[in-house]
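Number of protein chains: 2
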Amino acid sequence: MTGSPRPARLMDGTALARRLTDETTAAATALHRRTGTTPCLATVLVGEDPASVTYVRMKRNRCAQAGIRSRHLALPAATSTARLVDAIGELSADPDVHGILLQHPVGPHLDERAAFEAIAPAKDVDGVTTHSFAAMGFGLPGFVSCTPGGIMRLLDEYRVELSGKHAVVVGRSAILGKPAGLLLLGRDATVTYCHSRTRDLPSLLREADVLVAAVGKPDFIRGEHLKPGAVVIDAGYNPGNTGDVHFASARERAGLITPVPGGVGPMTIAVLLAQTVRAATRQLGLD
Amino acid sequence: MTGSPRPARLMDGTALARRLTDETTAAATALHRRTGTTPCLATVLVGEDPASVTYVRMKRNRCAQAGIRSRHLALPAATSTARLVDAIGELSADPDVHGILLQHPVGPHLDERAAFEAIAPAKDVDGVTTHSFAAMGFGLPGFVSCTPGGIMRLLDEYRVELSGKHAVVVGRSAILGKPAGLLLLGRDATVTYCHSRTRDLPSLLREADVLVAAVGKPDFIRGEHLKPGAVVIDAGYNPGNTGDVHFASARERAGLITPVPGGVGPMTIAVLLAQTVRAATRQLGLD
Numbered sequence: 004m005t006g007s008p009r010p011a012r013l014m015d016g017t018a019l020a021r022r023l024t025d026e027t028t029a030a031a032t033a034l035h036r037r038t039g040t041t042p043c044l045a046t047v048l049v050g051e052d053p054a055s056v057t058y059v060r061m062k063r064n065r066c067a068q069a070g071i072r073s074r075h076l077a078l079p080a081a082t083s084t085a086r087l088v089d090a091i092g093e094l095s096a097d098p099d100v101h102g103i104l105l106q107h108p109v110g111p112h113l114d115e116r117a118a119f120e121a122i123a124p125a126k127d128v129d130g131v132t133t134h135s136f137a138a139m140g141f142g143l144p145g146f147v148s149c150t151p152g153g154i155m156r157l158l159d160e161y162r163v164e165l166s167g168k169h170a171v172v173v174g175r176s177a178i179l180g181k182p183a184g185l186l187l188l189g190r191d192a193t194v195t196y197c198h199s200r201t202r203d204l205p206s207l208l209r210e211a212d213v214l215v216a217a218v219g220k221p222d223f224i225r226g227e228h229l230k231p232g233a234v235v236i237d238a239g240y241n242p243g244n245t246g247d248v249h250f251a252s253a254r255e256r257a258g259l260i261t262p263v264p265g266g267v268g269p270m271t272i273a274v275l276l277a278q279t280v281r282a283a284t285r286q287l288g289l290d
Numbered sequence: 004m005t006g007s008p009r010p011a012r013l014m015d016g017t018a019l020a021r022r023l024t025d026e027t028t029a030a031a032t033a034l035h036r037r038t039g040t041t042p043c044l045a046t047v048l049v050g051e052d053p054a055s056v057t058y059v060r061m062k063r064n065r066c067a068q069a070g071i072r073s074r075h076l077a078l079p080a081a082t083s084t085a086r087l088v089d090a091i092g093e094l095s096a097d098p099d100v101h102g103i104l105l106q107h108p109v110g111p112h113l114d115e116r117a118a119f120e121a122i123a124p125a126k127d128v129d130g131v132t133t134h135s136f137a138a139m140g141f142g143l144p145g146f147v148s149c150t151p152g153g154i155m156r157l158l159d160e161y162r163v164e165l166s167g168k169h170a171v172v173v174g175r176s177a178i179l180g181k182p183a184g185l186l187l188l189g190r191d192a193t194v195t196y197c198h199s200r201t202r203d204l205p206s207l208l209r210e211a212d213v214l215v216a217a218v219g220k221p222d223f224i225r226g227e228h229l230k231p232g233a234v235v236i237d238a239g240y241n242p243g244n245t246g247d248v249h250f251a252s253a254r255e256r257a258g259l260i261t262p263v264p265g266g267v268g269p270m271t272i273a274v275l276l277a278q279t280v281r282a283a284t285r286q287l288g289l290d
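Top line first, the protein sequences correspond to chains A and B. Residue numbering for the first sequence follows our numbering, beginning at 4 and increasing consecutively. Residue numbering for the second sequence follows our numbering, beginning at 4 and increasing consecutively.
Take a look at the structure:
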C-alpha cells in the first residue's frame, strides 16, 4: 500500500478563520454597542526584525478589520529586560488594554520568559504565560496558545475524532509543540512528543493517526513517513511559505491535510482576535 | 526471546531516599545553626479518611526525623472551598511556614484546584500549583511534584540515559503522569502519554525504553508487555502494597525495576523534605 485511493482532503484554514473572525467582529461590535468600549490589543515589538515588523503589522491590520483597536509599543533593540518587563507591566495594569501580545522572538540579550510573565493572565490572549500553559495542561478556563488553539479548532471543524487516537507532535516549543500536545491529551488522544533528539522518528511518524508538525524545517516530513489516511497538521512556518511537511507527497497519503499557506497560519491570528474580544468581554464583567 | 538473561536490577528507593534525607537533615541543621530558624512544613488535611490520616502522620514523622517542624491543620470534612482557600492563604502569608502540603484527595464537594492555587509558589514544596507545573514544563526554577521528582532522582542515581530514549508514561494525573512526562521531555526523552482511552496499549508499552506506570491499577502491566531490558518505574500505590506492575513477571524481562514498596514511595517523601528545606533556605534569603 503506497497511498490513499485519492489525494487528501484539504483543511481550509482560510475559510474557517474567516468565519471565526466574522463571529469575533460581531462580538466586538456588540460589546461596543453595549458598553461603549472597543476591545484593545497592545502589541509590543522589540527591535526592527523585518519578519517581526511584518507579523505585527499584519496582526494590527486584522484587528482593525475585526473592530479591535490596537496600540503599538515599539521598543529599541537595546531595551533591557527590566525596561521591557516594566512596559508590559504597565499594559497589564492599564484598564484600556484588554489583551497583550509580545512579538517573539525578542533579542537574545533579553529574558523572554520574564517578559511573558509580566503579562497579566487575564490579558494573555496569545497564551504565552505559565498560567495559560498550566490551564491548557489541566483543562482549566484560560487562554490557549494561539497556534495550538487554531489547530484544535481545525480538527473540530473537520470532525476529527481524537479520543484514543495516537497524536504525534513533532517539536516541543513552549508556545507550539508542548501546548499542542497538552490540548490533544486533554481530548483523550494518546500523545507522543518527538523532537530533535528522537531516535527512529520515521517509525513513530508512521504510527500517527494525527500528526502535528512544528519543527521549523522545510519539507522535513514526507508522504512516505505517514500512516495512510493520517490527519496531517502542518504548523511549520518557514521562509518562502514552506511548511514542515512536503505537501505534494504527503497529500497522496494523508486523509486530511492543512495546506501552507492557508492552513494553520490564518487560524493563529483568528484565535488571537477571538481571545482579545473574549478578554475584553470578561474584563468588562460581561462574561 | 522471552526475557533478559537475568532478573532486572532493583532500583533501591529506600536507600536513595535515606541518603537524600540525610543530606536534607544536615541542611536543616545547618540552616538552624545559621539562622535560628527550623524549617516548617504545614500539613493540611480535610476530613478523616484513614489512608490520608496515615499518609499525613507518616510525612510529619519523617519531618521530625529530618529536623523539620510541622504544623498540622485538621479541617472538618464539611469545610467549604472558601474556608479551605482562606486557611491555605493564611499559611501562604505566614512567615513561620516555609512549605505547605494539602493532602489530597480532598472531598468531592471541594474545588481542589482552587485550594492548590492558594499555596504560594514559593511554598509549593509538593509541586501541585499551576506555577510549579509550568516550571516543570518549561525547565524553569521551581519545585517539582514530589513523585515525578523522586522518579527523576532514581533514574539519575542508576545512570539511566534519557536523551533520545522512548519514555512511555501510563497515566496523566496532574501531579504524577503529566509532570513526569514533562520532566522526561525536558531531559530529551521522546515521551508518550498513555491512559485509559489509549488503544493498543501493549504495542506502545513494548516500545518503552523507560516505562512509568502511574495508573493506580494493581498488577496492570506485566512482564510480557515490556521491551526486554526496559527501565520500569512503578509509581502505583494500590491497597496491599501492590504496584501497577506485576513485579515477578516484569523483573524477568526488565533491565532495571523499582520494587513496591521500597521504590518510588520513599523517594516521594524524601523529595518533599528536601524541597521544604530548600524553600526555607530561600525564604530566609540564603539561596
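All C-beta atoms, glycine included, are put in the ideal place defined by N, C-alpha and C.
- Around the beta carbon of Met61 of chain B, fewer than 16 other beta carbons sit within 10 angstroms, so the residue counts as exposed.
- Residues of the same chain with a CB within less than 6 Å of the CB of Gln278 of chain B, apart from the 5 flanking positions on each side, are Val128, Phe146 in chain order.
- Under the 10 Å beta carbon count, Leu23 of chain A is surrounded by 16 or more other beta carbons and is classified as buried.
- The three-state reading of DSSP puts Ile103 of chain A in strand, counting E and B together.
- Residue pairing for Ser73 of chain A: DSSP places it in a beta bridge opposite A:Leu44.
- 7 Å or more divides the Cβ of Asp159 of chain B from the Cβ of Arg200 of chain A.
- Under a 10 Å Cβ-count criterion, Thr57 of chain A is classified as exposed, with fewer than 16 other Cβ atoms of the shown protein chains found around its own Cβ.
- Only those residues of the segment 163 to 180 of chain A whose C-beta falls short of 7 Å from the nearest C-beta of chain B are listed: Ser166, Gly167, Arg175, Ala177.
- A direct Cα-to-Cα measurement between Arg86 of chain B and Gly174 of chain A gives close to 43 Å.
- Residues of the segment 194 to 209 of chain B that bring their beta carbon within less than 9 Å of a beta carbon in chain A comprise Val194, Thr195, Tyr196, Cys197, His198, Ser199, Arg200, Thr201, Arg202, Asp203, Leu204, Ser206, Leu207, in sequence order.
- Rounded to the nearest angstrom, the gap between the Cα atoms of Arg254 of chain B and Asp247 of chain B is 13 Å.
- By alpha-carbon distance to Leu13 of chain B, the top candidate from B:Ala282, B:Asp237, B:Ala123, B:Gly288 is B:Asp237.
- Neighbours of Phe250 of chain B across chain A, judged by C-beta separation under 7 Å, do not exist; the nearest C-beta is about 25 Å away.
- For Asp290 of chain A, no chain B residue has a C-beta closer than 7 Å to its own C-beta; the minimum C-beta separation is roughly 19 Å.
- Fully enclosed beta strand (DSSP E) runs of no fewer than 3 residues occupy 169 to 173 of the segment 123 to 192 of chain A, in order along the chain.
- Asp212 of chain A has a beta carbon lying at 7 Å or more from every beta carbon in chain B.
- Put simply, of B:Val47, B:Arg65, B:Asp99, B:Ala54 the residue whose alpha carbon is nearest the alpha carbon of Val88 of chain B is B:Val47.
- For Thr271 of chain B, DSSP assigns no beta-bridge partner whatsoever.
- When the alpha-carbon of Leu289 of chain B is set against those of B:Gly16, B:Glu26, B:Thr38, B:Thr17, the nearest one is in B:Thr38.
- Within the same chain, and ignoring the five residues on either side of Pro262 of chain B in sequence, the residues whose Cβ sits closer than 6 Å to its Cβ are Leu13.
- Taking the CA atoms as reference points, Ser252 of chain B sits about 58 Å from Thr284 of chain A.
- By the beta-carbon neighbour count (other beta carbons within 10 angstroms, threshold 16), Gly16 of chain A is buried.
- Taking a Cβ-Cβ threshold of 7 Å, the residues of chain B close to Leu188 of chain A are Arg175, Tyr196, in chain order.
- For Asn244 of chain A, the secondary structure class from DSSP, reduced to helix, strand or coil, is coil.
- With respect to chain A, the C-beta atom of Thr32 of chain B has no partner C-beta closer than 7 Å.
- The Cβ atoms of Leu78 of chain A and Tyr161 of chain A do not sit closer than 7 Å to each other.
- For the set A:Gly140, A:Asp212, A:Thr245, the Cα lying nearest the Cα of Lys230 of chain A is the one of A:Asp212.
- In this structure, Val194 of chain A and Pro42 of chain A do not form a Cβ contact; the two beta carbons are roughly 33 Å apart against a cut-off of 8 Å.
- Under the Cβ criterion (8 Å, minimum of three pairs), the segment 135 to 153 of chain B does not count as touching the segment 65 to 85 of chain B.
- By the neighbour-count criterion, in which a residue is buried when 16 or more other Cβ atoms sit within 10 angstroms of its Cβ, His112 of chain A is exposed.
- Here Glu120 of chain B is buried, its C-beta having at least 16 other C-beta atoms within 10 Å.
- Residues of chain A with a Cβ closer than 8 Å to the Cβ of Leu158 of chain B do not exist, since the nearest Cβ in that chain sits about 16 Å away.
- Residue pairing by DSSP puts Val194 of chain B in a beta bridge opposite A:Tyr196, B:Ala170.
- Inclusion of Val100 of chain A and Ala45 of chain A in the CB contact set at 7 Å is warranted, their separation being smaller than that value.
- In the three-state scheme derived from DSSP, where H, G and I count as helix and E and B as strand, Asp290 of chain B is classed as coil.
- Residue pairing by DSSP places Arg12 of chain B opposite B:Leu259 in a beta bridge.
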